[in-house]
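Residue numbers (the UniProt record's numbering): 1 to 589.
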């Protein structure tokens, strides 16, 4: 499917529910355009009647009744056109607002169903530009361009028809330059479309860079890279400027070009009308009326072309945005497994059986990995950076699916379990904790919104964060956000642990929960983790080995392979890779 067809199909999808409003706008546009096309005929009659009146004055038989009648009819049709446009605009504004609201809601809902892989491979700024730049372009086009396309299209066709009804010779004269206009317009619009598409891509890249730099501002400042950051920004910005200039130049040049053709056409029409009078094809009074009529029709004929070219860039940007949004909507959703098994807690064990996996085709991260953890036991995953520890977490949650092998939950392949059921039974405490806008209580009960306050407080106490919360002026009602400076990194982590405790998952994953904190905070987090792990089946992904000494089993990963397994004492006795890791770390304690 071509990009234009894909974009038009996207518009059709969201305008279809509002077909009644669209139909009303089309009918009112038909009335408005028809009235605007008919009105000039009465203008011509008024001029003819006035000329005849002036001639009849000498005979003493002059009357202005037909002149006033023609003038009144002209005013009526112009007023009718104006009223129809006003009503159509109100109706269109309503369904445009509703349809773009549907687009925004569906896009956000789509994000909640998409594969994690999509978010891992797209910058936040580029995703944000879908909601801002692309949807804004669509709204602007729908609010301004759609009505113009409908009304001007009807006016254009109506003008051609009525011109041939009034006078065929002058009608042919009026449209004589059209083939040249079409050829030039097609060539220019093709150029404009290329650069307008590029403009949106460059804006998306710029938004991605800006978001990245804002998120890393502290790193930029501490490393003295502000000037480098601005320098790189200018590169992105210059690419946007270049694409924007070319896109606007090619789309904008049509407007003055058509205005020039319009003026040329006026001269041709007047010359043809004068020639018809001079050659006695029509009387002077009729000829003057025809000239006035076709001067007006020449304007009316070129106005749709001029207006459409003036908003071409708006239309093309909207089509580009619709294409990009349609591409997002066509992305694969997570496999919900609607007929899959529902699970209620872990009864026996969770196992990785000969699992191999790679984020990129033909580049495996895990190679034939087999790990098992029995109910109520804790297994620690250790190894150097890049060994595949976090990948194991991603696979257990089905953020990604294994390339070969399988992961089983009490013997059932997790691909055969309903996704919601699986994730309700698997809890995660991430390395980088996330707080959401709202109160502290809202953040703790995020995974269990219906939890009573007693459970929230109990979870906070178990996570060793209750005393700090009570020291705040608004306590559990303190308003926070991800960017709020009230909490240190460690305190955010403790709130994240409290959130996990409240959901009470059957299987727990702790992803290097103490890697970003100081030793004092680490002790508090470790105590909280002990509460979480106690009697619960868990994977602990650890960088600091002293935090997992009491684990029932330690699995050592290196370059995506399991190279050692056993408890702390057994692995030390082997004096293998784990022994080296442990002795290297404790040498600095």
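Note that the Cβ used here is the ideal one computed from N, Cα and C, for glycine as well.
Let me know if residue i comes out buried or exposed under the rule of 16 or more other beta-carbons within 10 Å of its beta-carbon.
| i | result |
| --- | --- |
| residue 450 | exposed |
| residue 212 | exposed |
| residue 493 | buried |
| residue 592 | With the chain covering 1 to 589 only, the question about residue 592 has no answer from this structure. |
| residue 425 | buried |
| residue 158 | buried |
| residue 315 | buried |
| residue 434 | exposed |
| residue 510 | buried |
| residue 411 | exposed |
| residue 539 | buried |
| residue 45 | buried |
| residue 535 | exposed |
| residue 187 | exposed |
| residue 537 | buried |
| residue 72 | exposed |
| residue 360 | exposed |
| residue 2 | exposed |
Check residue i in the structure and name its three-state DSSP category.
| i | result |
| --- | --- |
| residue 343 | coil |
| residue 538 | strand |
| residue 30 | helix |
| residue 561 | strand |
| residue 533 | helix |
| residue 350 | strand |
| residue 280 | coil |
| residue 366 | strand |
| residue 188 | helix |
| residue 409 | strand |
| residue 169 | helix |
| residue 448 | coil |
| residue 388 | coil |
| residue 207 | helix |
| residue 397 | coil |
| residue 501 | helix |
| residue 182 | helix |
| residue 489 | helix |
Using only alpha-carbon positions, find the residue among the options that is nearest to residue i.
| i | options | result |
| --- | --- | --- |
| residue 229 | 240, 216, 409 | 216 |
| residue 334 | 537, 201, 324, 401 | 401 |
| residue 342 | 423, 48, 385, 108 | 423 |
| residue 39 | 136, 226, 466, 295 | 295 |
| residue 239 | 253, 203, 226 | 203 |
| residue 381 | 574, 564, 253, 580 | 564 |
| residue 272 | 185, 175, 255 | 175 |
| residue 350 | 145, 414, 325 | 414 |
| residue 384 | 290, 344, 557 | 557 |
| residue 312 | 260, 255, 508, 90 | 255 |
| residue 328 | 569, 109, 497, 555 | 109 |
| residue 32 | 190, 81, 409, 548 | 81 |
| residue 419 | 396, 435, 437, 91 | 396 |
| residue 421 | 455, 370, 337 | 337 |
| residue 344 | 409, 354, 315, 392 | 409 |
| residue 165 | 262, 41, 259 | 41 |
| residue 87 | 147, 71, 76, 121 | 147 |
| residue 169 | 269, 263, 201 | 269 |
| residue 553 | 571, 186, 84 | 571 |
| residue 499 | 233, 453, 308, 574 | 453 |
| residue 488 | 392, 473, 476, 468 | 468 |
| residue 463 | 580, 472, 429, 171 | 429 |
| residue 135 | 162, 100, 161 | 100 |
| residue 405 | 431, 369, 391, 389 | 369 |
| residue 74 | 34, 227, 332, 354 | 34 |
Let me check you understand the geometry: is the CB of residue i closer than 6 Å to at least one non-hydrogen atom of the ligand ATP?
| i | result |
| --- | --- |
| residue 127 | In the structure shown, the ligand ATP is absent, as is every other ligand, since no ligand is present at all. |
Give me whichever residues DSSP pairs with residue i in a beta bridge.
| i | result |
| --- | --- |
| residue 554 | 380, 566 |
| residue 509 | 428, 539 |
| residue 438 | 480 |
| residue 114 | 333 |
| residue 417 | 341 |
| residue 356 | 404 |
| residue 374 | 349 |
Quiz item: Is it a yes or a no for the segment 200-213 touching the segment 119-126, going by three-plus beta-carbon pairs under 8 Å?
Solution: These segments touch.
Self-check item: Segment contact, 8 Å Cβ cut-off, at least three pairs: the segment 132-148 with the segment 319-334
Solution: At 8 Å Cβ cutoff, the stretches touch.
Exercise. Determine, using beta-carbon pairs with one atom in the segment 354-368 and one in the segment 435-451, whether at least three such pairs fall under 8 Å.
Key: Here the segment 354-368 does not lie against the segment 435-451, with fewer than 3 beta-carbon pairs under 8 Å apart.
Quiz item: Pairing CB atoms from the segment 446-462 with CB atoms from the segment 495-507, are three or more of them under 8 Å?
Solution: Contact holds: three or more Cβ-Cβ distances are below 8 Å.
Quiz item: Are at least three pairs of beta-carbons, each pair with one atom in the segment 151-161 and one in the segment 21-40, less than 8 Å apart?
Solution: Contact between the segment 151-161 and the segment 21-40 is present, because at least three Cβ pairs lie under 8 Å.
Quiz item: With contact counted as at least three CB pairs below 8 Å, one residue from each stretch, are the segment 112-120 and the segment 63-75 in contact?
Solution: At 8 Å Cβ cutoff, the stretches do not touch.
Quiz item: Does the segment 99-109 come close enough to the segment 262-281 that 3 or more CB-CB pairs lie under 8 Å?
Solution: No, the segment 262-281 does not touch the segment 99-109.
Quiz item: For the 8 Å Cβ check, are there 3 or more pairs between the segment 242-251 and the segment 184-199?
Solution: Yes, the segment 242-251 touches the segment 184-199.
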